[in-house]
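**Q**
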């Protein structure tokens, strides 16, 4: 369409102005505020024992949740796209459910299942296993909220590449596993990578679900996002900004990875 | 080609599904089991807990004045945000697809920032700019407007990313034809482009709405959580859990679940409608 240059310019300004107002200026302000007291201060506040513990706990949650969901995601995508079994429609309808559930409800659900008065609460207490208000509950919460990402990214790629090559491999006598490893996996690798990046970002940044089941025990069940809130409510604004900046840095790296993977995926 | 093969050799096609384990019944079983343990079982616990005290207790919890106020505010502000995303998402997608300005690729990458940035950081970020210590003198913290701001931030990509691919694929022929017949730019957009985008715009708005209804991290600090004013449902539920009222929390959570599920279902209908439009 040949819009008038002035109209086009106006639209561009509105779009960019809106993005600046909602996205960029706020992020820039936080970064400026963070480094106002000087680099040394920032370093000191993200290297306190509590901060270091929060960092490693955050990584631990992601390191458990993401591989599990990646394996599950690939299997599920194969079932949804290639499978010829009844019942996959139901699975397809339910797979996006975690996206529609409020993080707080996720946390509440885990409390109601594994908490003191939950379904499995008495049994767990009897065997001395604690899930809620400790790390296992936080792991479960993280797995819940990141569950659909890999499926959602891999399924369309599988659909697009078709199964010609897989059939050819099968005809030539390849086993199911060989076909998967040598044909299917290479074809979907960028989709898998994209899904992994999205899941990792969400796992690292999850707040609501983890917050409900963490109990926020300092130096034990506090992740980086929880540390941000904790410091903020304790009026340690500089500390909250420093932890935020660290998370924002991870987010920027994620964004970069997303852009690169997207381009690779399009090229492949 | 694959379709033809399947038609010629129906027997082989069927046995293939059975032989290749990930795509077969075993795969379905593994996938269903994982989904059930991680997602369905916990959600079932919420529904059951909401009915712990019978229907009367459920209704009592859901119809409490504070719960109703929180639900009403959440739904209204989410509708406002979804509408704003429908308009701004379409506009931004348009600029990204049709206006080759310098730096477009960077702007395109920045759109996904809210997906990458943790929600609590989004909240802190907005509070730094639009809060009490605002460098530009705009203090909307702890008002209903601040909640809308936070929700606009976290749902921004949904509107843009729903419309953008459709706009990219759109056949320009019709637009050229309309323009050559003397239609103005606005008329061409309204009569040719917009009708093609409607399913995508609706789907983006629905996704924004579903996300906004349940959003917690970005609003928990900036809303100030004032009952009957800026308290959203997710924060209300959180407070109920903290004060050990699991049944009340579960009842309101079930309402929240029902709203998101209704939207998700609506989305499927929109998607089906959109694909029918394609043919």
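Residue numbers (this note's numbering), protein chains in the order written: chain W, 1059 to 1326; chain V, 7 to 285. We put the beta carbon where it would ideally sit given N, CA and C, even for glycine. Keep in mind that this is a model prediction, so the values were computed, not measured.
Determine the chain W residues that contact residue 40 of chain V at a beta-carbon separation under 7 Å, and present them in chain order.
**A** What you label residue 40 of chain V is simply residue 34 of the second chain in a count that begins at 1. Within chain W, the residues near residue 40 of chain V are 1130.
**Q** Just by C-beta distance, which residues in the stretch 152–178 of chain V are closer than 7 Å to chain W?
**A** Those residues of the stretch 152–178 of chain V that come within reach of chain W (Cβ to Cβ, closer than 7 Å) are 158, 159, 162.
**Q** Does the Cβ-Cβ distance between residue 1205 of chain W and residue 44 of chain V come in under 8 Å?
**A** Translated into positions along the first chain, residue 1205 of chain W becomes position 147. Translated into positions along the second chain, residue 44 of chain V becomes position 38. Yes, they are a contact pair.
**Q** Taking any Cβ of chain W, which residues in the stretch 70–98 of chain V have a Cβ under 8 Å from it, in chain order?
**A** For the stretch 70–98 of chain V, which is checked against every Cβ of chain W, the residues closer than 8 Å are 94, 97, 98.
**Q** Check each residue of the stretch 1186–1219 of chain W: if its Cβ is closer than 8 Å to any Cβ of chain V, include it; give the result in chain order.
**A** Flagged, chain order: 1198, 1201, 1202, 1205.
**Q** Of all the CB atoms in chain V, is at least one closer than 8 Å to the CB of residue 1084 of chain W?
**A** Your numbering for residue 1084 of chain W matches position 26 in the first chain. So, interface residue.
**Q** Just verifying my parser: in three-state terms, what is the DSSP assignment at residue 141 of chain V?
**A** Translated into the one-based positions of the second chain, residue 141 of chain V becomes position 135. Looking at residue 141 of chain V - three-state DSSP - the assignment turns out to be coil, as it is neither helix nor strand.
**Q** For residue 30 of chain V, does the three-state DSSP call read helix, strand or coil?
**A** For the purposes of this step, residue 30 of chain V is identified with residue 24 of the second chain, where counting begins at 1. Three-state DSSP puts residue 30 of chain V in coil, outside helix and strand.
**Q** Count the other C-beta atoms from every protein chain shown that fall within 10 angstroms of the C-beta of residue 1248 of chain W, then say buried if there are 16 or more, exposed otherwise.
**A** Indexing the first chain from 1 puts residue 1248 of chain W at position 190. With 16 or more Cβ atoms within 10 Å of its Cβ, residue 1248 of chain W is classed as buried.
**Q** Look at the Cβ atom of residue 254 of chain V, then the Cβ atom of residue 1141 of chain W, and state whether they are nearer than 8 Å.
**A** The sequence position of residue 254 of chain V within the second chain is 248, counting from 1. The sequence position of residue 1141 of chain W within the first chain is 83, counting from 1. No, the Cβ-Cβ distance between residue 254 of chain V and residue 1141 of chain W is not below 8 Å.
**Q** With DSSP as the reference, label residue 1152 of chain W as helix, strand or coil.
**A** By 1-based counting over the first chain, the position of residue 1152 of chain W is 94. Reduced to three states, the DSSP call for residue 1152 of chain W is helix.
**Q** Grab the span of the alpha helix (DSSP H) containing residue 1225 of chain W for me, first residue to last.
**A** Within the first chain, residue 1225 of chain W is the residue found at index 167, counting from 1. First-last of the alpha helix (DSSP H) with residue 1225 of chain W: 1222–1229.
**Q** If you reduce the DSSP assignment to three classes, tell me which class residue 1185 of chain W lands in.
**A** Taking the first residue of the first chain as 1, we reach residue 1185 of chain W at position 127. If DSSP states are grouped into helix, strand and coil, residue 1185 of chain W belongs with coil.
**Q** Answer with buried or exposed for residue 174 of chain V, where buried requires no fewer than 16 other C-beta atoms within 10 angstroms of its C-beta.
**A** Locating residue 174 of chain V in the second chain gives position 168, where the first residue counts as 1. Classification for residue 174 of chain V: exposed.
**Q** Going by beta carbon distance, what residues of the same chain come within less than 6 Å of residue 242 of chain V, once the five residues before and after it are set aside?
**A** Reading the second chain from its first residue, position 236 is the one you call residue 242 of chain V. 76.
**Q** Say the cut is 7 Å; is the CB of residue 138 of chain V nearer than that to a heavy atom of the ligand GTP?
**A** This structure lacks the ligand GTP, and indeed carries no ligand of any kind.
**Q** Verify whether the separation of the beta carbon atoms of residue 1213 of chain W and residue 1135 of chain W is less than 8 Å.
**A** Here the question's residue 1213 of chain W lines up with position 155 in the first chain. Here the question's residue 1135 of chain W lines up with position 77 in the first chain. Cβ atoms of residue 1213 of chain W and residue 1135 of chain W: closer than 8 Å.
**Q** To the nearest angstrom, how far is it from the Cα of residue 1224 of chain W to the Cα of residue 1145 of chain W?
**A** The residue given as residue 1224 of chain W occupies position 166 in the first chain. The residue given as residue 1145 of chain W occupies position 87 in the first chain. Computed Cα separation, rounded: 23 Å.
**Q** Specify the secondary structure class of residue 234 of chain V as computed by DSSP and reduced to three states.
**A** As a working mapping, residue 234 of chain V is identified with position 228 in the second chain. In this structure, residue 234 of chain V counts as coil in the three-state DSSP scheme.
**Q** Looking only at its chain, what residues have a beta carbon closer than 8 Å to the beta carbon of residue 1306 of chain W, apart from the 5 residues adjacent to it on each side?
**A** Along the first chain, one-based indexing puts residue 1306 of chain W at 248. Taken in chain order, the residues that qualify are 1085, 1088, 1089.
**Q** Could you compute how far the alpha carbon of residue 204 of chain V sits from the alpha carbon of residue 1113 of chain W?
**A** Position 198 of the second chain holds residue 204 of chain V. Position 55 of the first chain holds residue 1113 of chain W. When rounded, the distance between both Cα atoms is 44 Å.
**Q** Quick one: grab the DSSP three-state call for residue 251 of chain V.
**A** Looking up residue 251 of chain V in the second chain gives position 245. Correct three-state label for residue 251 of chain V: coil.
**Q** Do the stretch 98–118 of chain V and the stretch 161–181 of chain V make contact, defined as three or more Cβ pairs closer than 8 Å?
**A** The stretch 98–118 of chain V is in contact with the stretch 161–181 of chain V.
**Q** Taking only three categories from DSSP, how would you classify residue 131 of chain V?
**A** Indexing the second chain from 1 puts residue 131 of chain V at position 125. Helix.
**Q** Are the C-beta of residue 276 of chain V and some C-beta of chain W separated by less than 8 Å?
**A** Stepping through the second chain from its first residue, residue 276 of chain V is reached at position 270. Judged by the 8 Å Cβ criterion, residue 276 of chain V is not in contact with chain W.
**Q** Determine the chain B residues that contact residue 34 of chain V at a beta-carbon separation under 8 Å, and present them in chain order.
**A** The chain inventory of the structure shown lacks chain B, comprising the protein chains W and V.
**Q** Which of the three DSSP states is assigned to residue 245 of chain V in this structure?
**A** Position 239 of the second chain, counted from the first residue, corresponds to residue 245 of chain V. The answer is helix: DSSP assigns residue 245 of chain V an H, G or I state.
**Q** Less than 8 Å between the C-beta atoms of residue 212 of chain V and residue 266 of chain V, yes or no?
**A** Counted from its first residue, the second chain places residue 212 of chain V at position 206. Counted from its first residue, the second chain places residue 266 of chain V at position 260. No, these two residues do not count as a Cβ contact at 8 Å.
**Q** Which residue wins for smallest C-alpha separation from residue 1242 of chain W, given the options W:1252, W:1227, W:1231?
**A** Here residue 1242 of chain W refers to the residue found at position 184 of the first chain. Measuring from the Cα of residue 1242 of chain W, the nearest candidate turns out to be W:1227.
**Q** Please report the residue range of the alpha helix (DSSP H) in which residue 1249 of chain W lies.
**A** The count along the first chain starts at 1 and reaches residue 1249 of chain W at position 191. Segment 1243–1263, the alpha helix (DSSP H) holding residue 1249 of chain W.
**Q** In chain order, what residues of the same chain lie with their CB nearer than 6 Å to the CB of residue 1198 of chain W, ignoring the 5 residues before and after it?
**A** Position 140 of the first chain, counted from the start, is the residue given in the question as residue 1198 of chain W. Excluding sequence neighbours, residue 1198 of chain W sits near 1168.
**Q** Given that residue 1181 of chain W touches chain V, what residues does it touch there, using C-beta distances under 9 Å?
**A** Numbered from 1 along the first chain, position 123 holds the residue referred to as residue 1181 of chain W. The contacting residues do not exist; residue 1181 of chain W stays about 14 Å from chain V at best.
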